[in-house]
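Trainee: Just so you know, we're using the numbering used here here: the sequence shown kicks off at 2 and counts up by one. Below you will find the structure I want to go over with you.
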Amino acid sequence: MRVLYLTHPSFHRHQAGPRHPERPARLEAVERGVTASGLETERVEPPEAHDHLLELAHTPAYISHVRDVIAAGGGRFDPDTAAGPESWEAAVRAAGSGPQAVRLLEGETEAVALLAVRPPGHHALRDRAMGFCLFNNAAITARFLQTRGHRVAIIDWDVHHGNGTDAEFEHDPDVFYISAHQWPHYPGTGALERVGAGPGEGYTINAALPAGTGGDLYRRLFREMVIPRLRRYSPDWVLVSCGFDAHHLDPLADLRLTEGDYHFMADQLLELVPSNRILVFLEGGYNLDAIAGSTRAMLLGMAGRAYQSSTPTQLSSAGSHRALERLMNIHDRVSG
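This is the structure:
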C-alpha cells in the first residue's frame, strides 16, 4: 500500500497566534511518522477550493467574512481561533484537499490518503469559526461525495467533540457521524443522548467518555458498536477526523490512548471499506512525539501490517465502561 500524502507549504504559513498549540511543528511531526512507516509515499499538493466547494458546508456570508478578515491582515474569530495574513491560502487548500484526494483515490487500488492540513476543521460551523478551525474540511468532502451519490461515514477520534460536523449532518441519514471524545470537555457538546434528529435519528453516535478512559474501552467501542453498526450501514467512503490528542501524552486533554490504539482503530476500518476509500484528515494533537508515533502506527494499521507498541494498552475505570454500556442502550432504542 502507498500513502497519498496531501500537504502544502501554505499550511506552515497559517498563523494561529503566538505560542498557540496548533502550530506548524505539528506537520513536521506527521511527516516524521509518515517516513518512519516505511510505506511508499506520494506527496500531493492540494488545490485551492473555490467558493462553490466551500458553500457545500458554509454560508456565502461566512466565507466572505473569513476572506475579509484575512485580507485585512488577519485577526481573531474567537479567543482561541485566529488567522494571519497568509491564512486564506492555507484554509482553502485544506478545504480542497478532500475532494482532490477522492479524485486521486478513485484511480488507485491499494492506497490511503493522509491529509496533513492546517487549519483543522471539525469545530467549524456553517457560519462560525471556532476551536482553531475555519472551514470544515471533512464536512465539505462528505458533501462533495454526496453530490456523487455516495454514502459516507465520518469517524472522529479527536479528543474534542466535532460539534461542527455533528451539526452539519444531524438530520442527514446519508452521512453516519461517530465521535469518541472526552466528556465533559471543550466545546461542551456531544452528549451520549445526541443521536441525530428527524430522518437522521440513529445516524449520529456520540461516545462521550470520562477523563482517564484508556484504549481498552476504545477497542470495545469499535468491536461492539462502531464496526457492527457501520457494517450494516455499508458506507462507500470512510472519512477520519484524526486528532491525536486522545493520546496519553497530550497536554490539552486527559484520555489515555497509545500508539497501539491508533493502529487498532485504523486496522478496524478495513472491515468496512478498502484502504482506497479512506481519507484521514489531521485535526488535533499537540504532543509532537505522540503525533509522530501515532501517525506511523495508524498508517501501518491501514496497510494491514503488524505493529508492536512499546506502551501497553491503558485500562479504563468502571465508570468508562458504564458510559459505553449506556451509549449502547441508547442506540438499541433508535434506528441507524
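In this text, a Cβ means the ideal position worked out from N, Cα and C, and glycines have one as well. All values derive from a computational prediction rather than experimental measurement.
#1: Judging by CA-CA distance, which residue of Gly75, Glu194, Leu5 and His51 is the nearest neighbour of Glu32?
#2: Going straight from the alpha carbon of Gly286 to that of Thr42, what length do you get?
#3: For the beta strand (DSSP E) that Asn207 lies in, which residues bound it at each end?
#4: Output the distance between the C-alpha atoms of His172 and Leu210, rounded to the nearest integer angstrom.
#5: Consider the Cβ of Pro229: report whether some Cβ of chain B lies at a distance smaller than 9 Å.
#6: Looking only at its chain, what residues have a beta carbon closer than 6 Å to the beta carbon of Gly215, apart from the 5 residues adjacent to it on each side?
#7: What number of angstroms, rounded off, separates the C-alpha of Pro200 from the C-alpha of Pro120?
#8: Per DSSP, what kind of secondary structure is Leu301 in: helix, strand or coil?
#9: Any idea what DSSP makes of Asp157, helix, strand or coil?
#10: In chain order, what residues of the same chain have a beta carbon less than 6 Å from the beta carbon of Ala140, not counting five sequence neighbours either side?
#11: Check for me: the beta strand (DSSP E) holding His264 runs from which residue to which?
#12: Any idea what DSSP makes of His249, helix, strand or coil?
#13: Would you mind working out which of Leu126, Trp184, Ser88 and Leu289 sits nearest His162, comparing C-alpha positions?
#14: My output table needs one value for Arg119: the three-state DSSP class, helix, strand or coil.
#15: Going by alpha carbons, who is nearest to Val176 out of Gly132, Gly213, Met329 and Arg230?
#16: Helix, strand or coil for Asp333? Go by DSSP, reduced to three states.
#17: On a Cα-Cα basis, can you pick out the residue from Phe282, Ala254 and Arg27 that is closest to Gln101?
#18: Taking all protein chains shown into account, decide if Asn330 is buried (16 or more other Cβ within 10 angstroms of its Cβ) or exposed.
#19: Cβ atoms of Val93 and Leu55: under 9 Å apart, would you say?
#20: Is the Cβ-Cβ distance between Asn288 and Glu111 less than 9 Å?
#21: Who are the Cβ neighbours of Leu40 in its own chain at under 7 Å, not counting the five residues just before and after it?
#22: Going by alpha carbons, who is nearest to Gly132 out of Leu106, Asn164 and Leu105?
#23: Looking only at C-alpha atoms, which of Thr296, Ala247 and Val274 sits nearest to Ser235?
#24: Determine which residues share a DSSP beta bridge with Asp79 and list them.
#25: Any idea if Val335 is buried or exposed, counting beta-carbon neighbours within 10 angstroms, 16 or more meaning buried?
#26: For Ala117, does the count of other Cβ atoms within 10 angstroms reach 16, so buried, or fall short, so exposed?
#27: Locate the beta strand (DSSP E) running through Ser180, then write down its first and last residues.
#28: On the CB-based measure, 16 or more other CB atoms within 10 Å of its CB, does Ser38 come out buried or exposed?
#29: Around the Cβ of Thr190, are there at least 16 other Cβ atoms within 10 angstroms (buried) or fewer (exposed)?
#30: For the alpha helix (DSSP H) that Glu32 lies in, which residues bound it at each end?
#31: Met2 by DSSP, collapsed to three states: which one?
#32: My assumption, with CB atoms under 8 Å, is that Asp246 sits in contact with Leu240. Please give the rounded CB distance.
Mentor: Inspection of the coordinates gives the following:
#1: Position 31 of the sequence shown, counting from 1, holds the residue named residue 32. From the listed residues Gly75, Glu194, Leu5 and His51, the smallest Cα separation to Glu32 is found for Leu5.
#2: One-based indexing of the sequence shown puts residue 286 at position 285. One-based indexing of the sequence shown puts residue 42 at position 41. Cα to Cα, the separation comes out at about 22 Å.
#3: Taking the sequence shown and counting its residues from 1, the one referred to as residue 207 is at position 206. Counting along the chain, Asn207 sits inside the beta strand (DSSP E) bounded by residues Thr205 to Leu210.
#4: For the purposes of this step, residue 172 is identified with residue 171 of the sequence shown, where counting begins at 1. For the purposes of this step, residue 210 is identified with residue 209 of the sequence shown, where counting begins at 1. Going by the C-alpha atoms only, they are around 24 Å apart.
#5: Any reference to chain B falls outside this structure, which holds one protein chain only.
#6: Taking the first residue of the sequence shown as position 1, residue 215 is located at position 214. So the qualifying residues of the chain are Arg257, Gln315, Leu316 and Ser317.
#7: If you number the sequence shown from 1, residue 200 lands on position 199. If you number the sequence shown from 1, residue 120 lands on position 119. The alpha-carbon atoms of Pro200 and Pro120 are separated by roughly 31 Å.
#8: In the sequence shown, residue 301 corresponds to position 300, counting from 1. If DSSP states are grouped into helix, strand and coil, Leu301 belongs with the helices.
#9: In the sequence shown, the residue the question calls residue 157 occupies position 156. Note: Asp157 maps to strand in three-state DSSP.
#10: Counting from one through the sequence shown, the residue named residue 140 turns up at place 139. If we look at Ala140 and ignore the five residues flanking it on each side, its Cβ neighbours are Ala58, Thr166 and Glu169.
#11: If you number the sequence shown from 1, residue 264 lands on position 263. Here His264 belongs to no beta strand (DSSP E); instead the alpha helix (DSSP H) covers Glu260 to Leu270.
#12: Position 248 of the sequence shown, counted from the start, is the residue given in the question as residue 249. If DSSP states are grouped into helix, strand and coil, His249 belongs with coil.
#13: To locate residue 162, count along the sequence shown from 1; it is residue 161. The shortest C-alpha separation from His162 is found at Trp184.
#14: Walking along the sequence shown from the start, residue 119 turns up at place 118. DSSP places Arg119 in coil when its eight states are reduced to three.
#15: Position 175 of the sequence shown, counted from the first residue, corresponds to residue 176. Taking each of Gly132, Gly213, Met329 and Arg230 in turn and checking the Cα distance to Val176, the smallest one comes out for Arg230.
#16: Your numbering for residue 333 matches position 332 in the sequence shown. Correct three-state label for Asp333: helix.
#17: The residue you call residue 101 lines up with position 100 of the sequence shown. When only C-alpha atoms are compared, the closest one is Phe282.
#18: Translated into the one-based positions of the sequence shown, residue 330 becomes position 329. Exposed.
#19: Here residue 55 refers to the residue found at position 54 of the sequence shown. Here residue 93 refers to the residue found at position 92 of the sequence shown. Yes.
#20: Taking the sequence shown and counting its residues from 1, the one referred to as residue 288 is at position 287. Taking the sequence shown and counting its residues from 1, the one referred to as residue 111 is at position 110. Result no, Cβ atoms of Asn288 and Glu111 do not sit closer than 9 Å.
#21: Position 39 of the sequence shown, counting from 1, holds the residue named residue 40. Excluding positions up to five away in sequence, the list reads Met2, Arg3, Val4, Leu300 and Ala304.
#22: Within the sequence shown, residue 132 is the residue found at index 131, counting from 1. The candidate whose alpha carbon is nearest that of Gly132 is Asn164.
#23: Locating residue 235 in the sequence shown gives position 234, counting from the first residue. The shortest C-alpha separation from Ser235 is found at Val274.
#24: Here residue 79 is taken as the residue at index 78 of the sequence shown, counted from 1. Here Asp79 is bridged, per DSSP, to Thr82.
#25: Looking up residue 335 in the sequence shown gives position 334. Counting Cβ neighbours within 10 Å, Val335 comes out exposed, since fewer than 16 surround it.
#26: Taking the first residue of the sequence shown as position 1, residue 117 is located at position 116. Its Cβ being crowded by 16 or more others within 10 Å, Ala117 is buried.
#27: Position 179 of the sequence shown, counted from the first residue, corresponds to residue 180. Segment Val176 to Gln183, the beta strand (DSSP E) holding Ser180.
#28: In the sequence shown, the residue the question calls residue 38 occupies position 37. So Ser38 counts as buried.
#29: Residue mapping note: residue 190 aligns to position 189 of the sequence shown, counting from 1. Burial call: buried.
#30: If you number the sequence shown from 1, residue 32 lands on position 31. Annotation for Glu32: the continuous alpha helix (DSSP H) segment containing it runs Ala26 to Ser38.
#31: Walking along the sequence shown from the start, residue 2 turns up at place 1. Coil, per DSSP.
#32: Stepping through the sequence shown from its first residue, residue 246 is reached at position 245. Stepping through the sequence shown from its first residue, residue 240 is reached at position 239. That pair is no contact at about 18 Å.
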